């Protein structure tokens, strides 16, 4: 079945450090890929997405590139801030509007001042 | 423009009881999906409702049921509660005809089973 594997956390970085959170996927079809962020006590917010191979999603300094050859969608940010501390989820959605999201297990990020 | 709203925010029940959670989708959305997020885990898809019918279902027992109303709002019902049902229940809405647009999530209902 479809699945998403994320880098295990927690990840602790100092402010202004470079961030990478690895994500790989297995899918029977040709999925769209997403990164969601969850702040404490809140639901999920879409961070960025990519719908086809070689697409780069970006938002708020975060980037991820859809790599079909390696079935990966790694999240990166050049300089993290304390306010980026949250749980990050990689997810996929197969083609067709009725298809549900399949999530990874999440990666907890803590950024220290 | 109101986003996805869920009620209640928190709920405490005991084993064997029944619970109903509610969700109002984002304005303009007609499809509602429910997810269960256990502590420290990613959300797991429960089911999706469109045109007042269950369209797709994840790997959850029949104790989990739902309903969608003509105004697109939805309820999630869980019968015969188990300790393992303790989780954050998330509602997400989307528009059926626009598969490229992402789902929008509410802040969830935290259900605790004693």
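Residue numbers (my numbering), protein chains in the order written: chain A, 3 to 115; chain B, 224 to 337. Positions of the beta carbon are idealized from the N, C-alpha and C atoms, including for glycine. Bear in mind the structure is a predicted one, so any value in this text is a computation, not a measurement.
Between the C-alpha atoms of residue 115 of chain A and residue 41 of chain A there is a straight-line separation of about 18 Å. Exposed is the label assigned to residue 231 of chain B, since fewer than 16 other Cβ atoms lie within 10 Å of its Cβ.
The beta carbon of residue 279 of chain B sits closer than 6 Å to those of 271, all from its chain and outside the five residues before and after it, given in chain order.
For the segment 286–316 of chain B, the beta-carbon criterion of a distance under 7 Å to any beta-carbon of chain A is satisfied by 313.
Annotated three-state conformation of residue 74 of chain A is strand, per DSSP. At least one CB atom of chain A sits nearer than 8 Å to the CB of residue 329 of chain B. Per DSSP, the unbroken beta strand (DSSP E) holding residue 88 of chain A starts and ends at 88–95.
Nearest CB-CB separation between residue 54 of chain A and chain B: not below the 8 Å threshold. Following the DSSP letters along the chain, one finds residue 247 of chain B inside the beta strand (DSSP E) bounded by residues 242–247. Distances from the alpha-carbon of residue 87 of chain A to those of A:94, A:17 and A:6 put A:17 closest.
Taken through DSSP and simplified to helix, strand or coil, residue 84 of chain A comes out as helix. Beta-bridge partners of residue 113 of chain A (DSSP): A:15.
Against residue 51 of chain A, the close residues of chain B are 325, in the order they occur along the chain (beta-carbon pairs closer than 7 Å).
By the C-beta criterion, the segment 293–303 of chain B is judged to be in contact with the segment 239–250 of chain B, since at least 3 inter-stretch pairs fall below 8 Å. Under the Cβ distance rule, residue 45 of chain A counts among the residues neighbouring chain B, one pair being separated by less than 8 Å. B:326 is the residue among B:326, B:336, B:334 and B:333 whose C-alpha sits nearest the C-alpha of residue 255 of chain B.
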